[in-house]
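Undergrad: To get this note's numbering, take the position in the first sequence, counting from 1, and add 1.
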Amino acid sequence: MIIAGTERARFAIVDPARPSQPLAVVGSDELPAAVRELDAASHPRWVWAETHLLYPALLEAGVRVDRCHDLRLCAAILDRSTLTEQVRSSGRHGRPPWLPPGPAEAGTAGAAAPVAAGRSHDTLFELDEFADIDPAGAVDEGSDVRASDTGATDGSAVTIESLARELDRQQAMVAESADPRALRLLLAAESAGALIGAEMHAAGIPWDRAVHERVLEQTLGARPKPGFKPAHVERLAAAVRAALAGPSVNLDSQVDLLRALRRAGIQVDSTSRWELGEHDHPAIEPLIAYKKLMRLLSANGWAWLDEWVHDGRFRPDYVPGGTATGRWATSGGGALQLPKIVRSAVVADPGWTLVVADAAQLEPRVLAAMARDEAMAAAGRGRDIYRGIVESGVVENRDQAKVAILGAMYGATTGDSGRLVPRLARAYPRAMALVDRAAATGERGGVVTTNLGRSSPSPGDGWRVAQAQASQPEATPADERRARSVAREWGRFTRNFVVQGSAAEWALCWMAALRPRLAQFAPVATPAERSGPVFERMPHLVYFLHDEIIVHTPREHADEVAAAVHETAHAAARLLFGDFPVDFPLESAIVDSYAMADA
DNA sequence: CGGCGCGGCGCC
DNA sequence: AAAGGGCGCCGCGCCG
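Put into structure tokens, the structure is as follows:
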């Protein structure tokens, strides 16, 4: 058990049992070597304040670690979870002021006045009873190593003692929580995600600039001079202006365009593609095409290539835990919104290939398992869950099953989706009850919690103000309508939160289990042109999109990697849902280009 | 000039 | 009239 911390740009690595006797005190240049040595010696779980501040430098130096505990991400979970509500209400567990808010809780300052919590001798991560089903090592028992970087952001030194105290606080909260096992798993998975996010940034997505440019040229025309638009875009713009009889309309200005459309007799209230599509007019088709091309140009055009692709890699900045539900965010490059049209540019290196896998209908399956809804789980067993729902006679066709399920999870009340939801409720009452309960809790302003213990934020001022106004004696019917509307809106958020958030946990556990499996492959010889970090010379994750992953692997390991991807998906299911009979089938492919994975 | 809200749209 | 959840990024247009 070790801690590393820093004071004045020095890093200390410390065993928490003997915090006053650092195992190493080094400058940042020597830190990677020290970590490498201690990691090899005792295989510890490194504890540090923020993975994204410390780990990139280790990776840069070729040092990879197996496990960590990210104090900031874990605090963000623990300080909000309903599972720790009791222990938090004791007042003994205020977050230390030096620990920044988690990525999804910006503005939520840590509570002041830390109180010394009794030292807990529990280990955070021992999960003996699950060791046999945890292939990851992600959540197994292990010694504790703590590292902190100092103060990174505001220059204030965070002492070793502060870090040790915070780890103790978190361990105590977990131990005294309503479900220590679930929280241990969640914190381990969240921390593994932090490692993976940093590693995927360091590795980068293999990106073939020439392929991307070919797509742009075929779709948009040749790259224009600065300040000009590509030929195909200009041609469509001219067609739209001609059809609208508005030679000077600025198609990129919503106001200008809307005015021109109405002048031409197209009665729309917005310029959204959805609404435009309802109308029949010669300007519509070229306008929709124009918008599509402009989207590609501005979001993933030549400027994007210049900014984000270097040395054959796209390196987005991942933000693990970046959203309230626990899904990741990205902070640049739009990595989670890569349009399908440019995915052909994701091409494996020579001699390497891509293992692409996504979990089929992840969210409905997670819902079925969470709700212990045997009928719904059975609909998905060994088949497309939507087809299973059709075969059970609940609805007539797959499209209906899909919109009904989405409607149930998102809270649709009207339209095709809303009409189908009641049929779903009759067939799968337990699943429906779970999401309905989450919605009702949210409407009341309450907090809901995922399968492993990530809780939703409390509703904001908008909700409170609206409810307060509606409960005044002089409240108008408009006030009451407004309050109901705001409440339902929050209810739709909490309804979806439990499903989306629990699905995110499944995906995290999947990756956390897969990562050590990939690390077991022997490194391949480093090609002269590529001397990257060690994990870049073995199969490694390069992309993660909510329920989908890409592993970049030497060709000779592809089949084994694909097997590991499947095995760890099953392992994640067992870890989260035990023996409950629910399937999480993957659609996977071994391909040289991401675009071929859809076939 | 930068900051910000909005409409719109890409992904899940 | 009300309207399915979560995101990030773009350009526009307004603001100071």
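Built from N, CA and C at the ideal position, the CB exists for glycine as well. Being a predicted model, the structure only gives us computed values, none of them experimental.
1) What would DSSP say about A467, mapped onto helix, strand or coil?
2) Can you look up D71 in the DSSP assignment and give me helix, strand or coil?
3) Which residues in the same chain have their Cβ closer than 8 Å to the Cβ of G138, if we skip the five residues on either side of it in sequence?
4) Checking 9 Å against the spacing of the C-beta atoms, do R431 and V395 come in under that value?
5) Tell me whether W507 sits in a helix, a strand or coil according to DSSP, three-state version.
6) How is the beta strand (DSSP E) around R46 delimited, first residue to last?
7) Does the region 397–416 come into contact with the region 428–444, if we say contact requires no fewer than three beta-carbon pairs (one atom in each stretch) closer than 8 Å?
8) Over what stretch of residues does the alpha helix (DSSP H) that includes V391 continue unbroken?
9) Based on the DSSP output, what are the partners of I197 in its beta bridges?
10) Considering only C-alpha positions, which residue in the set D30, A62 and E51 is nearest to E537?
11) Quick check on the DSSP output: what are the complete alpha helix (DSSP H) runs of length 4 or more inside the region 209–245, in order along the chain?
12) Kindly list the residues whose CB is nearer than 6 Å to the CB of P641, restricted to its own chain and excluding five residues on each side of it in sequence; keep chain order.
13) Would you call W208 buried or exposed, if buried means 16 or more other Cβ atoms sit within 10 Å of its Cβ?
14) Our contact map puts A405 next to S418 with C-beta atoms below 8 Å; I'd like the distance itself, whole angstroms only.
15) Would the region 568–587 count as touching the region 493–509 if we require 3 or more Cβ pairs under 8 Å?
16) Would you call S82 buried or exposed, if buried means 16 or more other Cβ atoms sit within 10 Å of its Cβ?
17) Using the beta-carbon count (16 or more within 10 Å), is S486 buried or exposed?
18) Kindly list the residues whose CB is nearer than 7 Å to the CB of G335, restricted to its own chain and excluding five residues on each side of it in sequence; keep chain order.
19) Is the region 192–201 touching the region 80–94, taking contact as three or more C-beta pairs under 8 Å?
20) My assumption, with CB atoms under 8 Å, is that D318 sits in contact with T331. Please give the rounded CB distance.
21) Measuring alpha carbon to alpha carbon, tell me which of L252, V234 and A488 ends up nearest L294.
22) Given a cut-off of 9 Å, decide if D80 and H94 are closer than it, judged by their beta-carbon atoms.
23) For N251, count neighbouring Cβ atoms within 10 angstroms of its own Cβ and tell me buried if that reaches 16, exposed if not.
24) Need the endpoints of the alpha helix (DSSP H) that Y429 sits in, please.
25) Between the Cα of R73 and the Cα atoms of L32, Q171 and P23, which residue gives the shortest distance?
26) Whole-angstrom Cβ separation of T569 and S503, contact assumed at under 8 Å?
27) Looking at C-alpha atoms only, which residue of H567, L258, Q268 and V348 is the closest neighbour of A361?
28) Please classify T414 as buried or exposed, where buried requires at least 16 other C-beta atoms within 10 Å of its C-beta.
29) For H202 versus R316, is the C-beta spacing smaller than 9 Å?
30) Nearest by alpha-carbon distance to P231: which of V241, Q219 and R242 is it?
31) Classify D580 as buried or exposed, calling it buried when 16 or more other Cβ atoms lie within 10 Å of its own Cβ.
32) Looking only at DSSP bridge pairs, what is T607 linked to?
33) I want to know whether the region 351–366 touches the region 546–565 - three or more CB-CB distances under 8 Å.
34) For the region 450–464 against the region 169–189, are there 3 or more C-beta pairs whose distance is under 8 Å?
35) For the beta strand (DSSP E) that contains F12, what are its first and last residues?
36) Go through its chain and collect everything with a Cβ distance to H213's Cβ below 7 Å, but skip five positions before and after it.
TA: According to the data block:
1) helix
2) strand
3) Only weak support is given to the placement of G138: the predicted model assigns it a pLDDT of 35, under 50, and the value that follows is read from those uncertain coordinates. Cβ neighbours of G138 within its own chain (closer than 8 Å, five residues either side excluded): D67, R68 and P517.
4) Not in contact: R431 and V395 (Cβ atoms no closer than 9 Å).
5) helix
6) R46 to W49
7) yes
8) That run of the alpha helix (DSSP H) goes I386 to E392.
9) Under DSSP, I197 takes part in no beta bridge, so it has no partner.
10) Considering only alpha carbons, the answer is A62.
11) 210–221 and 232–245
12) Because the chain in this structure spans residues 2 to 600, residue 641 falls outside the shown range and cannot be described.
13) By the beta-carbon neighbour count (other beta carbons within 10 angstroms, threshold 16), W208 is buried.
14) 6 Å
15) In this structure the region 568–587 lies against the region 493–509, because at least three pairs of beta carbons, one per stretch, are closer than 8 Å.
16) Under a 10 Å Cβ-count criterion, S82 is classified as buried, with 16 or more other Cβ atoms of the shown protein chains found around its own Cβ.
17) exposed
18) A300
19) no
20) 6 Å
21) Taking each of L252, V234 and A488 in turn and checking the Cα distance to L294, the smallest one comes out for V234.
22) Closer than 9 Å, so yes.
23) exposed
24) Element bounds for Y429: n/a, residue is neither H nor E.
25) Q171
26) Between S503 and T569 the Cβ distance is about 18 Å, and since that is not below 8 Å, they are no contact.
27) H567
28) exposed
29) yes
30) If you compare the alpha carbons of V241, Q219 and R242 with that of P231, the shortest gap goes to Q219.
31) exposed
32) The structure shown does not extend to residue 607, since the chain is modelled only from 2 through 600, so no value can be given for it.
33) yes
34) Verdict: yes, contact present.
35) R11 to V15
36) Excluding its 5 nearest sequence neighbours in each direction, H213 has C-beta neighbours in its own chain below 7 Å: L306, V343 and A346, listed in chain order.
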